[in-house]
Amino acid sequence: MAIHILGNNIFVLETKNTHYVLGVDKYGYNRHIHWGKKCNINDYEAKDIWDENSNHTRLDMAKQEFTVFGGTMYRESDLKVQFPDNCREIDLLFVDAKAENNILTVTLKDKFYPLEIALKYRIRDNDDIISRWTEIKNTGNENITLDRAFSAELTLPSVKPYTIKNTNGSWGGEYVETESTLEGGALVFDSKRGTTGHNQSPYFIAYQNADEKQGDVYFGTLAYSGNFKVLCTRDLFYTTRVSIGLNDFDFKHILKSNETFVTPMVFCGYSQAGFGEMSRQMNRFAINHVLPKQFNDKVLPVLYNSWEATEFDVNCKHQTALAKLAAKMGVELFVMDDGWFGERNHDRAGLGDWFVNKKKFPKGIDELIKNVNKLGMDFGLWFEPEMVNPDSDLYRKHPDWAYHYNTREAHTLRHQLVLNMTRKDVQEYIFNCMDEMLTNHNIKYIKWDMNRPLSETGAENLDCPQELWLRHTQAVYNIVDRLKEKHPDVAIESCSSGGGRSDYGALLHFDQVWTSDNTDSVDRMTMQKWFTYLRPTKVMRAWVTDINWYNSPMSLDFRFNVAMQGSLGVGGNLTKYSREDLEVGKKNVALYKEIRHLVQFGDLYRILDAQKDEILFNLYVSEDKKEAVAFLASVHTSFMKKEIPLLFEGLDDNKVYTFNLNNRDYEKTGAYLKNVGIPVTIRGMGYNKIIKIKAK
Ligand code: GLA
Numbered sequence: 012m013a014i015h016i017l018g019n020n021i022f023v024l025e026t027k028n029t030h031y032v033l034g035v036d037k038y039g040y041n042r043h044i045h046w047g048k049k050c051n052i053n054d055y056e057a058k059d060i061w062d063e064n065s066n067h068t069r070l071d072m073a074k075q076e077f078t079v080f081g082g083t084m085y086r087e088s089d090l091k092v093q094f095p096d097n098c099r100e101i102d103l104l105f106v107d108a109k110a111e112n113n114i115l116t117v118t119l120k121d122k123f124y125p126l127e128i129a130l131k132y133r134i135r136d137n138d139d140i141i142s143r144w145t146e147i148k149n150t151g152n153e154n155i156t157l158d159r160a161f162s163a164e165l166t167l168p169s170v171k172p173y174t175i176k177n178t179n180g181s182w183g184g185e186y187v188e189t190e191s192t193l194e195g196g197a198l199v200f201d202s203k204r205g206t207t208g209h210n211q212s213p214y215f216i217a218y219q220n221a222d223e224k225q226g227d228v229y230f231g232t233l234a235y236s237g238n239f240k241v242l243c244t245r246d247l248f249y250t251t252r253v254s255i256g257l258n259d260f261d262f263k264h265i266l267k268s269n270e271t272f273v274t275p276m277v278f279c280g281y282s283q284a285g286f287g288e289m290s291r292q293m294n295r296f297a298i299n300h301v302l303p304k305q306f307n308d309k310v311l312p313v314l315y316n317s318w319e320a321t322e323f324d325v326n327c328k329h330q331t332a333l334a335k336l337a338a339k340m341g342v343e344l345f346v347m348d349d350g351w352f353g354e355r356n357h358d359r360a361g362l363g364d365w366f367v368n369k370k371k372f373p374k375g376i377d378e379l380i381k382n383v384n385k386l387g388m389d390f391g392l393w394f395e396p397e398m399v400n401p402d403s404d405l406y407r408k409h410p411d412w413a414y415h416y417n418t419r420e421a422h423t424l425r426h427q428l429v430l431n432m433t434r435k436d437v438q439e440y441i442f443n444c445m446d447e448m449l450t451n452h453n454i455k456y457i458k459w460d461m462n463r464p465l466s467e468t469g470a471e472n473l474d475c476p477q478e479l480w481l482r483h484t485q486a487v488y489n490i491v492d493r494l495k496e497k498h499p500d501v502a503i504e505s506c507s508s509g510g511g512r513s514d515y516g517a518l519l520h521f522d523q524v525w526t527s528d529n530t531d532s533v534d535r536m537t538m539q540k541w542f543t544y545l546r547p548t549k550v551m552r553a554w555v556t557d558i559n560w561y562n563s564p565m566s567l568d569f570r571f572n573v574a575m576q577g578s579l580g581v582g583g584n585l586t587k588y589s590r591e592d593l594e595v596g597k598k599n600v601a602l603y604k605e606i607r608h609l610v611q612f613g614d615l616y617r618i619l620d621a622q623k624d625e626i627l628f629n630l631y632v633s634e635d636k637k638e639a640v641a642f643l644a645s646v647h648t649s650f651m652k653k654e655i656p657l658l659f660e661g662l663d664d665n666k667v668y669t670f671n672l673n674n675r676d677y678e679k680t681g682a683y684l685k686n687v688g689i690p691v692t693i694r695g696m697g698y699n700k701i702i703k704i705k706a707k
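Numbered according to my numbering, the sequence shown spans residues 12 to 707.
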């Protein structure tokens, strides 16, 4: 790993397997040169280009690292500003390039105006992921207005069209994969909701001939949980570019004298071995470099969450009854969900009143916490800090604390309004309520929920109202960070009606995410695949519940099998479970504890696919390849009723592995398991198996 600053103003980021090359041309403009396999660094150059004719301009043709609006450049730009004299043209020239602590900084300055841009690139040992962001500085005395400020532009090498994966999900149906081949024009994936949302994703995965195991894949994901934009274009010169950053929809930022605007980061990378290698790279990267340090390298506890069992009807007796059964199953963390505060007897009241409901907990919440602790479990609690119900003491006292316009009716969704998180007093109120609960009670876990998007976003406190989108998200991060600093032993989960806030911005601050309100094991088989494309497995909370929405109910073992492929939770109504069911739960939780280090930290090989192959076959292999765990699950098989060989991947060819499958002890080399495989017959409904594999 190295950053090479060459004499001809060519800058090479050398990662484990790739070169990312940029430079400066003879006009002083920034240029993109290469992203992909390593070449001889002395061959790289910023080739001269010129206006081909009056319609094909030099600026239009240029591959750039950061394109600004202005001149004879007619494609999309990454930066659009308005200077105090109303000029909207930007003309950036190279100033210098520095490498320090594995960060390359390329500084550019406007020819005339006091605007300075720093393009930032960070590389690390052992992977091919580059962190990119941009810093925009006003070095003058007057305000500069930013109208668009993306984080990065990424140019893909081939002149042929790329297929781009994104999502078209919804509540309960998150992460549903889309693939669009971009031959010309633009593809836009974005959010205008104030949060990431369930629909499109702040990332791109671009490829031509790739699958799970082979082929070149370029990808990038934005670390931001609000309005984002991923803008993919293919121009008349057949260049495919992806610009990625804050959405310019209803965006403005006033950059005051001497202020620097720092964009959110983009984590981008290149895999030479298909989507599988892409996921494994991002999994390791997220664990080592993204997730907050308190819990990034710790296995996550098995949790129980009371939501699906009790909804709003919580009290000490019933929660304790659930806790006893959960503890018997081997659960380590008991989480009481919604309903414990204010007048929260249903979803029409109480949000904002973060005080324990005395009718439900006449002796206080400590009675329950003590019961839970006595059973050997930690205790966790649900909050939805950014929200207020009009029917709440908080709203009655501070109706102006919700986003609103005096002339417009504020729409409630799920009977709630969004608090104006850009206000200091609102931020302090939320922090203090949560801090008080954490200080006075033995709480080790918070589920931070966010159940509706923003609307009627009036914020009288702001000079520039369009700044609210960014400020809202920053306020959330800020409160989470402050809580974590003061209570470092508390883990925080990001939830937004399920997986509406499960992006890399959230992963820089939260320890895990609630994947989806859809806990149906059959749906989860594919949702979990899509989730783990770019996100780390360990943050993916997966509960076993009583929800069986699919055609026919799947067995408890089957549901455990699927949930054990993430960070296991239990969410069913245990008081209704038979003795046998509780035993099945106990057996699976015990098994999970034996294998969770592999699931949460191992390399995932998606070998057979539930949708395409009828059988899901996932293998999680430890980094040293001495241990692995395989999951097999099939809802039902139609044609594949014959014996098939299970062909393993990711094991060490030369190691001898032992395992038991269908009452037979196997002892085979990795090479044999990969090339010859182990025969299995998968038939009927709800087949499921977990195979523990160890090297001798
Ligand atoms: C959201 C969450 C659920 C649950 C409820 C509580 O829908 O996604 O898991 O916490 O809110 O109201």
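For every residue, glycine included, the Cβ atom is placed at its ideal position computed from N, Cα and C.
These numbers were taken from a predicted model, which means no experiment stands behind them.
Indicate, with yes or no, if ligand 1 has a heavy atom lying under 6 Å from the CB of residue i.
i	result
C475	no
N462	yes
W318	yes
C327	no
C506	yes
D402	no
G509	yes
D54	no
D557	no
D349	yes
D528	yes
Within 10 angstroms of the Cβ of residue i, are there 16 or more other Cβ atoms? Answer buried if so, exposed if not.
i	result
F215	buried
I114	exposed
L247	exposed
L104	exposed
Q539	buried
K122	exposed
K120	buried
G237	buried
K766	An answer regarding residue 766 cannot be provided, because it is not within the stretch 12 to 707 covered by the chain.
A360	buried
A641	buried
Y456	buried
C50	exposed
R590	exposed
C506	buried
C98	exposed
So, with DSSP's three-state summary, where would you put residue i?
i	result
H43	strand
K339	helix
Y186	coil
M551	strand
P656	strand
M696	strand
Y668	strand
I134	coil
I376	coil
P709	A query on residue 709 cannot be resolved here, the shown segment of the chain reaching from 12 to 707 and no further.
A641	strand
Considering only DSSP beta bridges, list what residue i is partnered with.
i	result
C475	DSSP lists no partner for C475.
F22	I16 and L33
V92	L157
Q427	L424
With 7 Å set as the bound, which would you pick, yes or no: does the beta-carbon of residue i sit closer than that to a beta-carbon of chain B?
i	result
I298	Although the question refers to chain B, the structure presented lacks it and comprises just one protein chain.
Is the segment 604–614 touching the segment 665–684, taking contact as three or more C-beta pairs under 8 Å? Taking 8 Å as the limit for Cβ pairs, the verdict is that the segment 665–684 does not touch the segment 604–614.
Should the segment 524–531 be called in touch with the segment 614–629, which here means at least 3 C-beta pairs below 8 Å? With a cut-off of 8 Å, the segment 614–629 and the segment 524–531 do not count as touching, because too few Cβ pairs lie within range.
Evaluate the contact criterion for the segment 335–352 versus the segment 374–393: three or more CB pairs, one atom per stretch, below 8 Å. The segment 335–352, when compared against the segment 374–393, does touch it at the 8 Å Cβ threshold.
Measuring CB atoms only, is the segment 311–325 touching the segment 545–560, in the sense that at least three cross pairs come out at less than 8 Å? With contact defined as three or more Cβ pairs closer than 8 Å, the segment 311–325 and the segment 545–560 are in contact.
Pairing CB atoms from the segment 476–489 with CB atoms from the segment 169–180, are three or more of them under 8 Å? The answer is no - the segment 169–180 does not touch the segment 476–489, with fewer than three Cβ pairs under 8 Å.
Check whether the segment 125–136 touches the segment 219–239, counting contact only when three or more Cβ pairs, one atom from each stretch, lie closer than 8 Å. No, they do not touch.
Is it true that the segment 411–420 meets the segment 455–467, where meeting means three or more beta-carbon pairs spaced less than 8 Å apart? Flag = yes, the segment 411–420 and the segment 455–467 touch.
The segment 648–657 touching the segment 618–635, judged by at least three CB pairs closer than 8 Å: As far as the Cβ criterion goes, the segment 648–657 touches the segment 618–635, which means the pair count is three or higher.
Per the contact definition of three or more C-beta pairs closer than 8 Å, is the segment 681–690 in contact with the segment 660–673? Contact holds: three or more Cβ-Cβ distances are below 8 Å.
Touching by the beta-carbon criterion (3+ pairs, under 8 Å), the segment 397–408 and the segment 327–334: As far as the Cβ criterion goes, the segment 397–408 does not touch the segment 327–334, which means the pair count is below three.
Does the segment 569–583 come within contact of the segment 544–551, defined as at least 3 CB pairs closer than 8 Å? Using a Cβ-Cβ distance cut-off of 8 Å, the segment 569–583 and the segment 544–551 are in contact, since at least three pairs of beta carbons, one from each stretch, lie closer than that value.
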